[in-house]
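> Residue numbers (the numbering used here), protein chains in the order written: chain A, 7 to 431; chain B, 7 to 431; chain C, 7 to 431.
Got a structure for you, questions after.
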Amino acid sequence: MPAAWLADDTPFRDPADLLLVHDHYITRLLHAQGVPLAALGVGGSTVEPREAWRALCTHWRAFAGTASRIWLTDALADVFGIEETLSTANADATYDAIADQLSRPDFRPRALFERFGIEVLATTDDPLDDLRHHQRLAADPTFSGRVLPTFRPDVYVDPQAPRFAQNVARLVESVEAPLTFAGYLDAIRSQRERFIAQGAVSADHGVIDPYTTTLEGVDAQALFDAAVAGELNEAQAREFRGHMLWQMAAMSVDDGLVMTIHPGVRRNHHTETFQRFGPDTGHDIPLRTEYTDNLRPLLQSFGTARDFHLVLFTIDETVFSRELAPLAGFYPSVYVGAPWWFLDAPDAMARFRGAVSETAGFYRTSGFIDDTRAFLSIPARHDVARRSDASYLAKIVVEGRLPESEAAEVMRDIVGAIPRKVFKL
Amino acid sequence: MPAAWLADDTPFRDPADLLLVHDHYITRLLHAQGVPLAALGVGGSTVEPREAWRALCTHWRAFAGTASRIWLTDALADVFGIEETLSTANADATYDAIADQLSRPDFRPRALFERFGIEVLATTDDPLDDLRHHQRLAADPTFSGRVLPTFRPDVYVDPQAPRFAQNVARLVESVEAPLTFAGYLDAIRSQRERFIAQGAVSADHGVIDPYTTTLEGVDAQALFDAAVAGELNEAQAREFRGHMLWQMAAMSVDDGLVMTIHPGVRRNHHTETFQRFGPDTGHDIPLRTEYTDNLRPLLQSFGTARDFHLVLFTIDETVFSRELAPLAGFYPSVYVGAPWWFLDAPDAMARFRGAVSETAGFYRTSGFIDDTRAFLSIPARHDVARRSDASYLAKIVVEGRLPESEAAEVMRDIVGAIPRKVFKL
Amino acid sequence: MPAAWLADDTPFRDPADLLLVHDHYITRLLHAQGVPLAALGVGGSTVEPREAWRALCTHWRAFAGTASRIWLTDALADVFGIEETLSTANADATYDAIADQLSRPDFRPRALFERFGIEVLATTDDPLDDLRHHQRLAADPTFSGRVLPTFRPDVYVDPQAPRFAQNVARLVESVEAPLTFAGYLDAIRSQRERFIAQGAVSADHGVIDPYTTTLEGVDAQALFDAAVAGELNEAQAREFRGHMLWQMAAMSVDDGLVMTIHPGVRRNHHTETFQRFGPDTGHDIPLRTEYTDNLRPLLQSFGTARDFHLVLFTIDETVFSRELAPLAGFYPSVYVGAPWWFLDAPDAMARFRGAVSETAGFYRTSGFIDDTRAFLSIPARHDVARRSDASYLAKIVVEGRLPESEAAEVMRDIVGAIPRKVFKL
């Protein structure tokens, strides 16, 4: 969620806006059921929110078995006291019940933030974001929550990102650096420092694949010039991205920001939908992803660097047992990220622990974090993750693989000590 | 099974012919145990059927744990009343017991078809098949079953198929079209119409990978000419196949045939066996398969086309959570096909639901269908699939993820409403 | 373990040397927790063994959930009678308790060998090893165990192995063969014969991928010359390796050695660690691996050869259902190897049976064997494997997929008849 929501503490607009319109887990499955995205208010399309809510209620059965159903059912029950199963028949009544409560002060963002017991919330931010909402929150004596920015430089380091050249130009100008590769790196370093000063603990990287490579200074400068001129071919663009991922690791080693990588997604798979409704509208589709060889140059350089933390996420679950657990089981820097996105659900979480624990144990994983755009689902997501981990631990206790007393301590660490350590909180 | 069996209603020949010779799940595992295919009557080899049956009984232990064992055990018990475990000792007695019953009228194909309660049976047919057996069945007042042809154009659209040029020549001649790319497409369209007139609801496509691509008219004509002349290299052949898969989707959008894709098999892995015994003799081996990028051109064009149904099957189960569920969770046209071939078994089915449901629910899957060559296994296969799905639903009910009343409705839909809708029955 | 240990029957040195220093499952996870390998005595580094043991005890919680924890807990309890959970507090006491027992005669290698009930132990040996320790053991009337050498020719058949040219030179000299491709093959054949004479039953092959290819004689000679001259590029080196894997199969067909393949590992991922501590120090990381197409040339030639046994191992578990079970379910020569390395643990073993059995049953698998460097873990490893298999069998019995009486026989075969047959013991 944007820091502005908490800084302004403006009431949520309506049930659809809060629970549906911005949650691409829900809108994509309604779209698959034949509901047009325009009828759901996606991408700024105008819609009567009650109609969007009716569409959800009418197609509620389609969510049976999904993670979204668990989260929404939980939020409706725990936050709004609604325990009925959604249906066409109760669409209006449930809409009204939620809308009525949303107008009350205890349903504003800050009140819910406190009610949910959120200890730390990290937003994801553009390196040139002025972070003034974070500043306001930090300075506000009436708000005690911890809301941290996260450095997310993707559109400044991928030469195939839209408006890359302009992005780079604005970046170097921001710190009055020259438009050279060295100036560009300096500018990134400076902005990271600004984020750190505002409380940031991590830098997040979304890449098509986690390819990394070292480059000689001259080569890097030549690639940079061509990148800014828009003259890289596909292979050269990959080289540049791969080198920048390596540079981002170098900076994390220097400044201490935890490095997280979220690779392996074909973004905006359906171009027509992207053009009409924008990004993050439910058609980002995972790709097979390779870590062992792609990350090797980075790990050769920094894998054993002191206090470097590298958290590897995946939506290709085949890598959990084959690549991520073995890497995290050797390199002191590497942690296996909690199940992400399509894998953030009970069955997938059980597979994750089953695939990772036997090689890397529990202490080389990140502990649960979520990356939701759906604020109300936060408690349910953490609850599901805890129950899932507890279930796995219970299984190995029953099978005689771990004493119950130790399993209880591991469970406490998964929830608290591990994520605090991994993310340097 | 061939439509002729039902049209003619000729008695099954003998126990081996009915239960063993044509079931490559069984003959391949006997072959792996050291029994020569020639000793099993495979590929038209002459064998005393009782001897083939003895080989099965002698090696029965090798089937422990396999799906074939469940199916055959079930068919023996339910159809023939044989409840003993097969063994060398009872080989002759069980052979005789089956043979004796096969000679009775209530063991003829039509009687079993009715006894099994089969609502619809779809055969797989060559586009130039005259479909006369289907016509006879449809016209027969004494047979009330629904037996539909399925359009399977592989050997007319893959330039590397045996006798491709001759196939294409026969195809265009069949409708007196010119030997141009346009004439070729017209001929395919005409034959699809003929299939539709005979009740066909789907077109099935077996491809090495689900690569798709658009082509300009001129390029397509040039590739077509070279394909007919046998002058395509490997890459060009892939382009032609990929474009034809895209064209098949275009036709399905127009004429309404449900498009099913069965990719990812290295056919006839052992050339010597293929030369001696022909295709479908147990050495088709799966390959890693990619859907996200391969299908993108097709889905860009037709993914949201009205009433287009595209059912994606796989024998690479890694794609269930990574690619197929995310695709089916967005595109209204895409359905995840039920576990197929090597995955058509209890453990694999449980993995399928565990991998797909959390992202795509139950209503973006095809519901169980089987593609068996073993007529007697049909009830057992559906029974296993239903139990497996019921088991998964029971699990999520017990875990508090779905109310029992809803799970019961989902279960009914999986068996009836979902496959009827997906296959437009 | 080296045959010399048993031949000499020298007492184990100390608890750390026996249980920790040489077990890269343990040292890598301690390294990941921040303990330097040098502090653990890895790679010949000098360390006070009690300090290394303390490091293990202090970080014991990190092993929760891992296979190593099970094995070590079991060894401590069953061999040394230590049932406490390791911790900083009891590090010295447990060290002393083990050290005290190690000095007793009944804790010498031969005594433990007998106590563990080991029927056959196969070492892995260099083709030029003189095998004198095996000879001494075989000739020793006071030792009745069966200790066999295994032919492992990797560094003589991979042109990218360190000192390949020197290795080949020594190899051909050893049998006074000319330095031609034919002479080279003759030398390998001769050394295999020598191993067979000393009781060897198998030849083991560690390859980056299981690529195989046939080559004409002239091509092979040219590649061989270039290989010895160190002039092969990456693609040519792969051709040579692929052809040698095919040649190794040809020799196994001739001389009867069971062929085992262990592919798919990026060895020595972290170069700095390799340079300082040597190989097998915990940073060998698995790679995605393909078998269907890579092994096809080998299987075209030898897949149905009489008495040829080819056991395929993997640490890419995605191939179990997709490639290995279908291959072993057709080719009489192919067996699916038991879960290996990172997969040698309860959850992974359950997934192995779940992925393989429905297609290939139990009789196309190798039965459990382990490849441990940790002598004391042998009983625990076999115990875990047996319990895991028994658990899978119990599951299919309860689900009505196999009668209990048959499951019991399958279980006995998994432990005895199957590995004896597969490895020609």
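Quick reminder that beta carbons are idealized off the backbone N, C-alpha and C, glycines included.
1) Within 10 Å of its beta-carbon, does D136/A have 16 or more other beta-carbons around it, so buried, or fewer, so exposed?
2) At 7 Å on the CB atoms, spell out the chain B contacts of R34/A, in chain order.
3) When the distance is taken between beta carbons, is G367/C closer than 8 Å to L69/B?
4) Using the three-state DSSP reduction, which class does L154/B fall into: helix, strand or coil?
5) Which of the residues in the stretch 286 to 304 of chain B, read from start to end, lie with their CB under 7 Å from any CB of chain A?
6) Just the chain A side, please: which residues come within less than 9 Å of E323/C by C-beta, in chain order?
7) Checking contacts by CB at 8 Å: is E240/A closer than that to chain C?
8) Listing by chain order, which chain D residues have their CB less than 7 Å from the CB of G40/A?
9) Who are the Cβ neighbours of D322/C in its own chain at under 8 Å, not counting the five residues just before and after it?
10) Can you list the residues of chain A that E368/B reaches, using a CB-CB cut of under 7 Å?
11) Let me know if G343/B comes out buried or exposed under the rule of 16 or more other beta-carbons within 10 Å of its beta-carbon.
12) Between which residues of its own chain and I104/C is the CB-CB distance below 6 Å, once the five residues before and five after are set aside?
13) Which of helix, strand or coil does DSSP assign to Y190/B?
14) State the DSSP-derived secondary structure class of S372/A, mapped to helix, strand or coil.
15) Which residues in the same chain have their Cβ closer than 8 Å to the Cβ of A167/A, if we skip the five residues on either side of it in sequence?
16) For chain A, check one thing: does any of its Cβ atoms lie closer than 8 Å to the Cβ of P55/B?
17) Kindly indicate if chain B contains any beta-carbon less than 8 Å away from that of I384/A.
18) Specify the secondary structure class of L316/B as computed by DSSP and reduced to three states.
19) Within its chain, find whatever has a CB closer than 8 Å to the CB of T310/B; leave out the 5 residues flanking it on each side and keep chain order.
20) With a threshold of 7 Å on Cβ separation, who are the neighbours of D102/C within its own chain once the five nearest residues in sequence on each side are excluded?
21) So what's Y337/B in DSSP terms, helix, strand or just coil?
22) Assign N300/A to buried or exposed, taking buried as 16 or more other Cβ atoms, counted over all protein chains shown, within 10 Å of its Cβ.
23) Between which two residues does the alpha helix (DSSP H) harbouring T220/A extend?
24) For R195/A and F119/A, what's the separation of their Cα atoms in angstroms?
25) Given that D353/C touches chain A, what residues does it touch there, using C-beta distances under 8 Å?
26) Which two residues bound the contiguous beta strand (DSSP E) that contains I214/A?
27) Taking Cβ positions, are V317/A and Y341/A nearer each other than 8 Å?
28) Taking the alpha carbon of L82/C as the reference point, which residue from Y297/C, G223/C and I384/C has its own alpha carbon closest?
29) What does the Cβ neighbour count give for T298/B, buried or exposed, with the cut at 16 atoms within 10 Å?
30) Roughly how many whole angstroms lie between the Cα atoms of L408/B and R357/B?
31) Mind checking which residues open and close the alpha helix (DSSP H) that includes I321/C?
32) Taking 8 Å as the CB-CB cut-off, is L137/A touching chain C?
33) So, with DSSP's three-state summary, where would you put V264/A?
34) In this structure, what does DSSP give as the bridge partners for A209/B?
35) Determine the chain B residues that contact R195/C at a beta-carbon separation under 8 Å, and present them in chain order.
36) For chain C, check one thing: does any of its Cβ atoms lie closer than 8 Å to the Cβ of T100/B?
Quick look at the numbers:
1) Counted from its first residue, the first sequence places residue 136/A at position 130. Result: exposed.
2) Locating residue 34/A in the first sequence gives position 28, where the first residue counts as 1. In chain order: G335 and F336.
3) Taking the first residue of the second sequence as position 1, residue 69/B is located at position 63. Taking the first residue of the third sequence as position 1, residue 367/C is located at position 361. Reading the sequence as shown, one finds Phe at residue 69/B and not Leu. Their beta carbons are under 8 Å apart, which means F69/B touches G367/C by this criterion.
4) The residue labelled residue 154/B in the question sits at position 148 within the second sequence. Strand at L154/B.
5) Those would be E296, T298, D299 and R302, in chain order.
6) Position 317 of the third sequence, counted from the start, is the residue given in the question as residue 323/C. Under the 9 Å cutoff, chain A gives T324, S327, R328 and A361.
7) Here the question's residue 240/A lines up with position 234 in the first sequence. So, not an interface residue.
8) The chain labelled as chain D is not found among the protein chains of the depicted structure, namely A, B and C.
9) Counting from one through the third sequence, the residue named residue 322/C turns up at place 316. G270, P292, L293, R294 and T295, listed in sequence order.
10) The residue given as residue 368/B occupies position 362 in the second sequence. With the sequence shown as reference, residue 368/B is identified as Phe, and Glu is not the correct amino acid for it. By Cβ distance, chain A contributes A70 and G71.
11) Counting from 1 along the second sequence, the entry for residue 343/B is found at position 337. Flag for G343/B reads buried.
12) For the purposes of this step, residue 104/C is taken as the residue at position 98 of the third sequence. If we look at I104/C and ignore the five residues flanking it on each side, its Cβ neighbours are P21 and F86.
13) Walking along the second sequence from the start, residue 190/B turns up at place 184. It is helical.
14) Residue 372/A sits at position 366 when you count from the first residue of the first sequence. In the structure shown, S372/A falls within a coil segment according to DSSP collapsed to helix, strand and coil.
15) Your numbering for residue 167/A matches position 161 in the first sequence. D160, V161 and N173, listed in sequence order.
16) Along the second sequence, one-based indexing puts residue 55/B at 49. At a cut-off of 8 Å between beta-carbon atoms, P55/B makes no contact with chain A.
17) Here residue 384/A is taken as the residue at index 378 of the first sequence, counted from 1. The beta carbon of I384/A does not come within 8 Å of any beta carbon belonging to chain B, so the residue lies off that interface.
18) Working through the second sequence from its first residue, we reach residue 316/B at position 310. Three-state result, L316/B: strand.
19) Counting from 1 along the second sequence, the entry for residue 310/B is found at position 304. Y337, P338 and S339, listed in sequence order.
20) Position 96 of the third sequence, counted from the first residue, corresponds to residue 102/C. Cβ within range, chain order: n/a, list empty.
21) The residue you call residue 337/B lines up with position 331 of the second sequence. The three-state reading of DSSP puts Y337/B in coil, since its state is none of H, G, I, E or B.
22) As a position in the first sequence, residue 300/A is number 294, starting the count at 1. Counting C-beta atoms within 10 angstroms of its own C-beta, N300/A has 16 or more neighbours from the protein chains shown and is therefore classed as buried.
23) For this step, residue 220/A is matched to residue 214 along the first sequence. Looking at the DSSP string, T220/A is not in any alpha helix (DSSP H), and its letter there is neither H nor E.
24) Within the first sequence, the letter at position 189 stands for residue 195/A. Within the first sequence, the letter at position 113 stands for residue 119/A. CA-CA distance, R195/A to F119/A, rounds to 32 Å.
25) Taking the first residue of the third sequence as position 1, residue 353/C is located at position 347. Result: G360, A361, S363 and E364.
26) Reading the first sequence from its first residue, position 208 is the one you call residue 214/A. Note, I214/A: premise wrong, no beta strand (DSSP E); not H, not E.
27) For the purposes of this step, residue 317/A is taken as residue 311 along the first sequence, with counting starting at 1. For the purposes of this step, residue 341/A is taken as residue 335 along the first sequence, with counting starting at 1. Contact flag set, yes.
28) Here residue 82/C refers to the residue found at position 76 when the third sequence is read from its first residue. If we check each option's Cα against that of L82/C, I384/C comes out closest.
29) Position 292 of the second sequence, counted from the first residue, corresponds to residue 298/B. It is buried - the Cβ of T298/B has at least 16 other Cβ atoms within 10 Å.
30) Here residue 408/B corresponds to residue number 402 of the second sequence, with the count starting at 1. Here residue 357/B corresponds to residue number 351 of the second sequence, with the count starting at 1. Roughly 19 Å between the two C-alpha positions.
31) Here residue 321/C refers to the residue found at position 315 of the third sequence. No alpha helix (DSSP H) holds I321/C; DSSP gives it neither H nor E.
32) Taking the first sequence and counting its residues from 1, one reaches residue 137/A at position 131. It does not: the Cβ of L137/A has no partner Cβ on chain C nearer than 8 Å.
33) For the purposes of this step, residue 264/A is identified with residue 258 of the first sequence, where counting begins at 1. Collapsing the DSSP output to three states places V264/A in a strand.
34) As a first step, residue 209/B is located in the second sequence; it is residue number 203 there, counting from the start. Per DSSP, F157/B and M265/B.
35) If you number the third sequence from 1, residue 195/C lands on position 189. Residues of chain B passing the Cβ test: none, with the nearest at roughly 26 Å.
36) Position 94 of the second sequence, counting from 1, holds the residue named residue 100/B. At a cut-off of 8 Å between beta carbons, T100/B makes no contact with chain C.
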